[in-house]
Amino acid sequence: MKKNIVLLVLSMLFIKLFGIGRELALAYFYGATAYADVYLIASSIPTTVLGLVTAGLTTSFIPVYNKIKNDYSEEEANRYTSNLLNILLALSLILSLISTVFIEDVVKIFASGFKGETLAIAVQFTRYTIWAMVFTALISVMTGFLQMRQRFLVPTYLGLIMNLVVIASIFLSDHFKNPELMAIGVVVSGAIQFLVLYVSQRLLGYRHKVVFKPTDKHIKYMLYISLPIIIGTSVDQLNSIVDKSIASSVAVGGVAILNYASKISDSILNIFVTSIATVLFPSLSEVAASGDIPKLRRLSTEAVRYVSILIIPAIVGIMIYAEEIVTIFYGRGQFTQSALELTTWSLVFYAFGSFAFGLRQIIIRMFYALHDTKTPVYSSIIAVILNITLNLILSKIIGIPGLALATSISAYVSVFILFYFASKKVGDLGLKSALTVILKCTAAAIAMAVVSLIFYEFMAGYIPRVAALSVSILLAVLLYAGIMLQMRIEEVDTIKEKIFSKLKRPKVK
Numbered sequence: 244m245k246k247n248i249v250l251l252v253l254s255m256l257f258i259k260l261f262g263i264g265r266e267l268a269l270a271y272f273y274g275a276t277a278y279a280d281v282y283l284i285a286s287s288i289p290t291t292v293l294g295l296v297t298a299g300l301t302t303s304f305i306p307v308y309n310k311i312k313n314d315y316s317e318e319e320a321n322r323y324t325s326n327l328l329n330i331l332l333a334l335s336l337i338l339s340l341i342s343t344v345f346i347e348d349v350v351k352i353f354a355s356g357f358k359g360e361t362l363a364i365a366v367q368f369t370r371y372t373i374w375a376m377v378f379t380a381l382i383s384v385m386t387g388f389l390q391m392r393q394r395f396l397v398p399t400y401l402g403l404i405m406n407l408v409v410i411a412s413i414f415l416s417d418h419f420k421n422p423e424l425m426a427i428g429v430v431v432s433g434a435i436q437f438l439v440l441y442v443s444q445r446l447l448g449y450r451h452k453v454v455f456k457p458t459d460k461h462i463k464y465m466l467y468i469s470l471p472i473i474i475g476t477s478v479d480q481l482n483s484i485v486d487k488s489i490a491s492s493v494a495v496g497g498v499a500i501l502n503y504a505s506k507i508s509d510s511i512l513n514i515f516v517t518s519i520a521t522v523l524f525p526s527l528s529e530v531a532a533s534g535d536i537p538k539l540r541r542l543s544t545e546a547v548r549y550v551s552i553l554i555i556p557a558i559v560g561i562m563i564y565a566e567e568i569v570t571i572f573y574g575r576g577q578f579t580q581s582a583l584e585l586t587t588w589s590l591v592f593y594a595f596g597s598f599a600f601g602l603r604q605i606i607i608r609m610f611y612a613l614h615d616t617k618t619p620v621y622s623s624i625i626a627v628i629l630n631i632t633l634n635l636i637l638s639k640i641i642g643i644p645g646l647a648l649a650t651s652i653s654a655y656v657s658v659f660i661l662f663y664f665a666s667k668k669v670g671d672l673g674l675k676s677a678l679t680v681i682l683k684c685t686a687a688a689i690a691m692a693v694v695s696l697i698f699y700e701f702m703a704g705y706i707p708r709v710a711a712l713s714v715s716i717l718l719a720v721l722l723y724a725g726i727m728l729q730m731r732i733e734e735v736d737t738i739k740e741k742i743f744s745k746l747k748r749p750k751v752k
């Protein structure tokens, strides 16, 4: 499992460079303008509309598949997979057709602040992007199938494909002066991802069957456990809908500003936390199925500690260098000084909440592995209500950045609730030891930040700021690693021993 995590982290790091390139392209050609807002809303609608469903189906697919395989046979499990894919294809086609008929109403749900020409452009963009729902549904289950077979890299590299297609579509839209090409790029990206996954499944021996039986007992069971998951895992989606809808009415370019900031902060989660959670979930499902609760607790606690070690220094680093990061990434082309300032503060507040979102990804998978899909619903409902309330209050006080702060606060409340119920369900999760690790990581990160910031301010007077920032970040990484090696943390010592064992391994003659 640890080897898979390392491979995923390295792959995520490489792919995220292209993800940032996508945002750079959008910021350069369209800045924080109405066109940027329209594109971001239109491209998010397909994944959000169907994402509320597929989030639950993807998460429940793995444990249900394993159960069918253990109780019946692999052939029966593959038949269930074919049936599910066919049902989702039919469902997504129906939803796409219905959404096309009521397209303006759909857009208003996601961007209540769009009026006049901006609304008209958004409607036209969404007429294209809404058909990406067809691929979104299929991709979600096919991704789960590969992850269950311990094939994590192919689904991960789908992000690279998506980013390359999107970057190309943004460039072509500017070159040909036809912004609608960006919307078409969303659909093309989904189609290519689907084809890659289909070929990958066939290489693993999967053969799709023409079977369509919505009343199948396996489908019924999956729906039974996935309905609460749909609600529980959709908290991010719902918060995103609320944030964008309010942002569209607070300021022109508000949706784009939140997007630019969140993409940077989300990179932390996707590179480190998502990699750990993706590899962890199949293992948790197997352990839970065997009834080994002590091992389940150990795996969950270990994941929390690794997340803390990796994500805390990244959060601190982003918060202290937020302005420099935003300037380097977006500070050119159509990106104004006002947009830069708002994006900087939004990034600070999003980064603050990244730790909570990271912990939630880990702990929520423990509940799903135990087939407890109801408990996460309670925390999600509270988080959404709190986020909406804080959005309305903070957006009036500090504007667009207030939406980011509201999202982060609600995330921490959700995490506290989840950990409380988790300890009641499976016993001691080792939170005291985890808290010790968190405090040590925070202390090391603060010390790292202070030294790095002083060094940066000094070097910026002699060399270009980009070079000064790069050297300062490298210094921060080395300093943090050095401090952590002195902290006597089990996970850090394990990593050190593995590295040294590799270096000392004798060469085979």
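If you count by the numbering used here, then the sequence shown holds residues 244 to 752, one letter each, in order. Here a beta-carbon is modelled for each residue, glycine too, at the ideal position from N, C-alpha and C.
- Query: Where does L367 fall in DSSP's three states?
  - Reply: Here residue 367 refers to the residue found at position 124 of the sequence shown. Note on residue identity: the sequence assigns Gln, not Leu, to residue 367. Residue state, collapsed to three classes: helix.
- Taking just the CA atoms, how far does I341 sit from G574? For the purposes of this step, residue 574 is identified with residue 331 of the sequence shown, where counting begins at 1. For the purposes of this step, residue 341 is identified with residue 98 of the sequence shown, where counting begins at 1. Going by the C-alpha atoms only, they are around 40 Å apart.
- If we ignore side chains and look at the alpha-carbon of each, how far apart do G642 and V493 end up? Position 399 of the sequence shown holds residue 642. Position 250 of the sequence shown holds residue 493. G642 and V493: Cα-Cα distance of roughly 7 Å.
- Task: Tell whether a beta-carbon distance below 8 Å holds between S597 and L629.
- Result: For this step, residue 597 is matched to residue 354 along the sequence shown. For this step, residue 629 is matched to residue 386 along the sequence shown. No, the Cβ-Cβ distance between S597 and L629 is not below 8 Å.
- Message: Which runs of the alpha helix (DSSP H) at least 4 residues long sit entirely within the region 297-366? Give them in chain order.
- Response: 317-344 and 346-353
- Query: For D459, which residues from the same chain have a beta carbon less than 8 Å from its beta carbon, with the 5 sequence-adjacent residues on both sides left out?
  - Reply: Residue numbering aside, residue 459 sits at position 216 when the sequence shown is read from its first letter. For D459, where only same-chain residues beyond five positions count, the Cβ hits under 8 Å are Y323 and N326.
- Query: Where does Y564 sit, in a helix, a strand or coil, going by DSSP?
  - Reply: Here residue 564 refers to the residue found at position 321 when the sequence shown is read from its first residue. If DSSP states are grouped into helix, strand and coil, Y564 belongs with coil.
- Query: Can you list, in chain order, the residues of its chain whose CB lies under 8 Å from that of V751, leaving out five sequence neighbours each side?
  - Reply: Within the sequence shown, numbered from 1, the residue matching residue 751 stands at position 508. Here V751 scores only 46 on pLDDT, less than 50, and its place in the model should not be relied on; the value that follows carries that caveat. There are no such residues.
- Message: Rounded to the nearest angstrom, what separates K246 and L542 at their Cα positions?
- Response: Start at 1 with the first residue of the sequence shown, and residue 246 comes out as number 3. Start at 1 with the first residue of the sequence shown, and residue 542 comes out as number 299. Here K246 scores only 48 on pLDDT, less than 50, and its place in the model should not be relied on; the value that follows carries that caveat. Cα to Cα, the separation comes out at about 15 Å.
- Query: Between the Cα of R450 and the Cα atoms of E319, L661 and F662, which residue gives the shortest distance?
  - Reply: Here residue 450 corresponds to residue number 207 of the sequence shown, with the count starting at 1. Per the Cα distances, E319.
- Message: Please return the same chain residues whose Cβ sits closer than 7 Å to the Cβ of G775, not counting the five positions on each side in sequence.
- Response: Not covered by the structure: residue 775. The range shown for the chain is 244 to 752.
- Among L328, A333 and D671, which has the Cα closest to the Cα of R540? On the sequence shown, residue 540 is found 297 positions in, with the first residue counted as 1. If we check each option's Cα against that of R540, D671 comes out closest.
- Task: Would you identify the three-state DSSP class for T685, choosing helix, strand or coil?
- Result: Residue 685 sits at position 442 when you count from the first residue of the sequence shown. In the structure shown, T685 sits in a helix (DSSP, three-state: H, G or I).
- Query: F659: buried (16+ other C-beta within 10 angstroms of its C-beta) or exposed?
  - Reply: Taking the first residue of the sequence shown as 1, we reach residue 659 at position 416. Under this definition F659 is an exposed residue.
- CA-CA distance, L424 and A365? Here residue 424 corresponds to residue number 181 of the sequence shown, with the count starting at 1. Here residue 365 corresponds to residue number 122 of the sequence shown, with the count starting at 1. Going from the Cα of L424 to the Cα of A365 covers about 13 Å.
- I552 and A594: beta carbons closer than 8 Å? Reading the sequence shown from its first residue, position 309 is the one you call residue 552. Reading the sequence shown from its first residue, position 351 is the one you call residue 594. Cβ distance not < 8 Å, so I552 and A594 don't count as in contact.
- Message: With a threshold of 7 Å on Cβ separation, who are the neighbours of V547 within its own chain once the five nearest residues in sequence on each side are excluded?
- Response: Taking the first residue of the sequence shown as 1, we reach residue 547 at position 304. Taken in chain order, the residues that qualify are L602, I605 and A677.
- Whose C-alpha, out of I382, V307 and I352, is nearest the C-alpha of L466? As a first step, residue 466 must be located in the sequence shown, where it is residue number 223. Closest option to L466, Cα to Cα, is V307.
- Task: Compare the C-alpha of P469 against each of I716, V694, V620 and L718 and name the closest.
- Result: Position 226 of the sequence shown, counted from the first residue, corresponds to residue 469. First, the residue type needs correcting, since residue 469 is Ser and not Pro in the sequence shown. Of the listed residues, the one whose Cα sits closest to S469 is V620.
- Residue burial classification, G725 (beta-carbon count within 10 angstroms, cutoff 16): By one-based count along the sequence shown, residue 725 stands at place 482. Per the 10 Å Cβ criterion, exposed.
- Proximity to G428 [Cα-Cα], best of S510, F304 and I413: Within the sequence shown, residue 428 is the residue found at index 185, counting from 1. Among S510, F304 and I413, the Cα nearest to that of G428 belongs to I413.
- Message: Need the endpoints of the alpha helix (DSSP H) that K667 sits in, please.
- Response: Here residue 667 refers to the residue found at position 424 when the sequence shown is read from its first residue. Element bounds for K667: I643 to V669.
- Out of V431, I625, E584 and I536, which has the shortest C-alpha to C-alpha gap to Y503? To locate residue 503, count along the sequence shown from 1; it is residue 260. Cα-wise, what sits closest to Y503 is E584.
- Query: Any idea if D509 is buried or exposed, counting beta-carbon neighbours within 10 angstroms, 16 or more meaning buried?
  - Reply: On the sequence shown, position 266 is the one that residue 509 refers to. Buried.
- Item | Backbone CA spacing between S488 and G534 [nearest angstrom] | What you label residue 488 is simply residue 245 of the sequence shown in a count that begins at 1. What you label residue 534 is simply residue 291 of the sequence shown in a count that begins at 1. About 44 Å.
- Message: Need the endpoints of the alpha helix (DSSP H) that Q580 sits in, please.
- Response: Numbered from 1 along the sequence shown, position 337 holds the residue referred to as residue 580. That run of the alpha helix (DSSP H) goes Q580 to A612.
- Task: Would you tell me roughly how many angstroms separate the C-alpha atoms of A754 and L527, rounded to the nearest one?
- Result: The structure shown does not extend to residue 754, since the chain spans only 244 to 752, so no value can be given for it.
- Note down the Cα distance separating A599 from G645, rounded to an integer number of angstroms. The count along the sequence shown starts at 1 and reaches residue 599 at position 356. The count along the sequence shown starts at 1 and reaches residue 645 at position 402. For A599 and G645, the distance between alpha carbons rounds to 17 Å.
- Residue range of the alpha helix (DSSP H) that T386 falls in? As a working mapping, residue 386 is identified with position 143 in the sequence shown. From DSSP, the alpha helix (DSSP H) with T386 extends over M376 to M391.
- Message: Between N634 and D486, how many whole angstroms is the CB-CB distance? I'm expecting something under 8 Å.
- Response: Here residue 634 refers to the residue found at position 391 when the sequence shown is read from its first residue. Here residue 486 refers to the residue found at position 243 when the sequence shown is read from its first residue. N634 to D486, Cβ: 7 Å. Contact.
- Item | Three-state secondary structure assigned by DSSP to F272 | Within the sequence shown, residue 272 is the residue found at index 29, counting from 1. Residue state, collapsed to three classes: helix.
- Please classify I468: does DSSP put it in a helix, a strand, or coil? By 1-based counting over the sequence shown, the position of residue 468 is 225. In this structure, I468 counts as helix in the three-state DSSP scheme.
- Task: Please work out which residues of its chain come closer than 8 Å, Cβ to Cβ, to M730, disregarding the five sequence neighbours upstream and downstream, and give them in chain order.
- Result: As a position in the sequence shown, residue 730 is number 487, starting the count at 1. So the qualifying residues of the chain are K683 and A687.
- Message: Is there a C-beta anywhere in chain C that falls below 8 Å from the one on A411?
- Response: Annotation note: the requested chain C is absent from the structure, which comprises a single protein chain.
- Query: With burial defined as no fewer than 16 other Cβ atoms inside 10 Å of the residue's Cβ, what is the status of S638: buried or exposed?
  - Reply: One-based indexing of the sequence shown puts residue 638 at position 395. Buried, because 16 or more other Cβ atoms sit within 10 Å of the Cβ of S638.
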